[in-house]
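These notes are about the structure you will find just below.
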Amino acid sequence: MGLKPFLQPIPLLNDNYAWLAGTVQPDGQAELVLFDPGEGAPVDSVMRQHPKWHLVGLFITHRHGDHMGGALQVADQAHVPLYGPEDALGLLEVKGAKAQGQAPLCHVLEDGQKLSLAGMTVEAISTPGHLNQHLCYLVRWPAAMKAAPALISGDTLFSGGCGRVFEGTPARLFHSIKRLKALPDDVLLCPAHEYTAANLAFVQRQMASHPGLTANLDSRAVVKRVDQVKALRAVGQPSVPVALGVEKATNPFLSAPDEATFTQLRHVKDIS
Numbered sequence: 001m002g003l004k005p006f007l008q009p010i011p012l013l014n015d016n017y018a019w020l021a022g023t024v025q026p027d028g029q030a031e032l033v034l035f036d037p038g039e040g041a042p043v044d045s046v047m048r049q050h051p052k053w054h055l056v057g058l059f060i061t062h063r064h065g066d067h068m069g070g071a072l073q074v075a076d077q078a079h080v081p082l083y084g085p086e087d088a089l090g091l092l093e094v095k096g097a098k099a100q101g102q103a104p105l106c107h108v109l110e111d112g113q114k115l116s117l118a119g120m121t122v123e124a125i126s127t128p129g130h131l132n133q134h135l136c137y138l139v140r141w142p143a144a145m146k147a148a149p150a151l152i153s154g155d156t157l158f159s160g161g162c163g164r165v166f167e168g169t170p171a172r173l174f175h176s177i178k179r180l181k182a183l184p185d186d187v188l189l190c191p192a193h194e195y196t197a198a199n200l201a202f203v204q205r206q207m208a209s210h211p212g213l214t215a216n217l218d219s220r221a222v223v224k225r226v227d228q229v230k231a232l233r234a235v236g237q238p239s240v241p242v243a244l245g246v247e248k249a250t251n252p253f254l255s256a257p258d259e260a261t262f263t264q265l266r267h268v269k270d271i272s
C-alpha cells in the first residue's frame with residue numbers, strides 16, 4: 001500500500017465549505033492543501049484533531065470574505081504560502097501587513113498555471129462572471145492512484161446551480177461554466193456552499209413552469225438526485241462532492257445551450 005488520495009469538505013460559517021485535498025500515507029501522515037478558508041477556527045479544530053495532517057499550501061478562489069476570511073489565520077499558524085487571483089491576494093497582503101506587521105507569502109496564479117504539491121497537481125482555471133477575478137482549481141492525483149479529479153469551483157458552479165453575477169455579465173459567466181462543462185464526467189464537483197437542496201427545488205419548479213429553460217435536463221436524474229440529497233442532509237452529511245456527469249443531467253445552468261437561455265435562467269433565479 002502506498003499513498004492514497006484525500007478529499008474532504010470542512011463546514012464553516014452558515015453554509016460554506018472549505019476543502020482539504022492531498023495525499024495520505026499508510027501511517028496516517030498527510031500532506032494537504034486547503035481551499036477557501038472563510039473562517040479559521042473550524043480549520044484549526046480539524047487540524048488539531050489530526051496531528052499527522054500537514055498543510056503545505058492555501059488556495060483562494062475569489063476575494064469574498066466568506067472564502068478567505070480565515071486565510072491569514074490559517075496561513076500564519078501553518079506557515080504556508082497563499083495562492084489565488086491578484087485582487088484577493090492584494091487584499092490579504094494589506095490586511096496581513098496591518099495585523100501582523102508583514103505581508104503573507106502570496107503567489108498570484110494565472111489561467112492554466114499548474115502547481116505540483118501534496119502529491120498532486122493543482123491547475124488554475126479562470127472563471128470570471130461571479131466576479132471579474134475568480135479561479136476554479138482542477139485537482140489531479142497520479143494515475144496510479146486511480147482517483148477521479150476534483151474541481152474546486154468556489155462560487156462559479158454549485159450543485160444544481162451557479163453563482164450570482166456581481167461583476168461582468170451573465171454571458172461571461174455562461175462561457176466560464178461552458179469551460180467547466182467540457183471537463184470529463186467523472187470529475188468531482190466541490191463547490192463552496194451547501195445550496196443543493198434549494199437549487200434542486202428551483203430546478204423542479206422551472207421544469208414545471210418553464211420547460212424551455214430546462215429542456216436539456218434528465219427528469220429521472222433530477223428526481224434521483226433530489227432523493228439522494230434529502231437522504232444525505234437528513235443525516236447531516238454534505239451533498240457534495242458530486243460527479244460532474246450527474247450535474248450535466250440535473251443542473252440547468254450547466255446544460256444551458258446558449259447565452260440567451262442561461263441569461264434568462266439566471267434572471268428567473270435572481271428574482272425567485
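Each step along the sequence shown adds one to the number in UniProt numbering, with nothing skipped, and position 154 is 154. For every residue, glycine included, the Cβ atom is placed at its ideal position computed from N, Cα and C. In this text, all values refer to a predicted model and were calculated from it rather than measured experimentally.
- Counting only runs of 3 or more residues that sit fully inside the stretch 93-130, the beta strand (DSSP E) segments are 106-108, 114-117, 120-126, in chain order.
- Residue burial annotation: histidine 79 is exposed, with fewer than 16 other C-beta atoms found within 10 angstroms of its C-beta.
- Here asparagine 199 carries a helix assignment [DSSP, helix/strand/coil].
- Contact between threonine 250 and arginine 233 is ruled out by a C-beta separation of about 16 angstroms, above the 8 angstroms threshold.
- Fewer than three pairs of CB atoms, one per stretch, sit closer than 8 angstroms, so the stretch 46-54 makes no contact with the stretch 127-146.
- Rounded to the nearest whole angstrom, the C-alpha separation of glycine 65 and leucine 265 is 27 angstroms.
- Of the candidates Leu13, Asp15, Leu20, the residue whose Cα lies closest to the Cα of phenylalanine 6 is Leu20.
- Taking lysine 181 as the centre and dropping the five residues before and after it, the same chain places the C-beta of Lys248, Leu254 closer than 7 angstroms to its C-beta, in chain order.
- Between glycine 40 and valine 74 a beta carbon distance of about 5 angstroms is seen, short of the 8 angstroms cut, so the two are scored as contacting.
- Per DSSP, threonine 250 lies in no beta strand (DSSP E) segment; the continuous alpha helix (DSSP H) that holds it begins and ends at 244-250.
- Classified as buried, asparagine 16 has 16 or more neighbouring CB atoms from the shown chains inside 10 Å of its CB.
- Apart from the 5 residues on each side of it in sequence, arginine 63 sits with its Cβ closer than 8 angstroms to the Cβ of Pro85, Asp87, Ala88, Leu91, Leu131, Gln133 in its chain, given in chain order.
- The Cβ atoms of cysteine 190 and serine 153 lie closer than 9 angstroms to each other.
- Here glycine 160 is not near valine 108, since their CB atoms are 9 angstroms or more apart.
- With respect to the C-alpha of leucine 34, the residue from Tyr83, His267, Pro26, Gln25 having the closest C-alpha is Tyr83.
- Of all alpha-carbon atoms in Arg179, Val94, Cys162, Leu72, the one lying nearest the alpha-carbon of glycine 112 is that of Arg179.
- Secondary structure at histidine 210: coil, using DSSP grouped into helix, strand and coil.
- In the DSSP assignment, lysine 178 falls within the unbroken alpha helix (DSSP H) covering 170-181.
- Judged by DSSP secondary structure, lysine 269 falls within the alpha helix (DSSP H) whose first and last residues are 259-271.
- The straight-line gap separating the alpha-carbon atoms of alanine 143 and leucine 3 is approximately 12 angstroms.
- Around the beta carbon of isoleucine 271, a 10 Å sphere encloses fewer than 16 other beta carbons of the protein chains shown; the residue is thus reported as exposed.
- If you draw a straight line from the Cα of isoleucine 60 to the Cα of proline 81, it comes to about 11 angstroms.
- For glycine 40, the three-state secondary structure derived from DSSP is helix.
- Under the DSSP assignment, glutamine 8 falls in the beta strand (DSSP E) whose first and last residues are 4-12.
- In the DSSP assignment, glycine 163 falls outside any alpha helix (DSSP H), carrying neither H nor E.
- Proximity to alanine 243 across Leu183, Ala192, Ile125, Glu31 peaks at Leu183, based on C-alpha coordinates.
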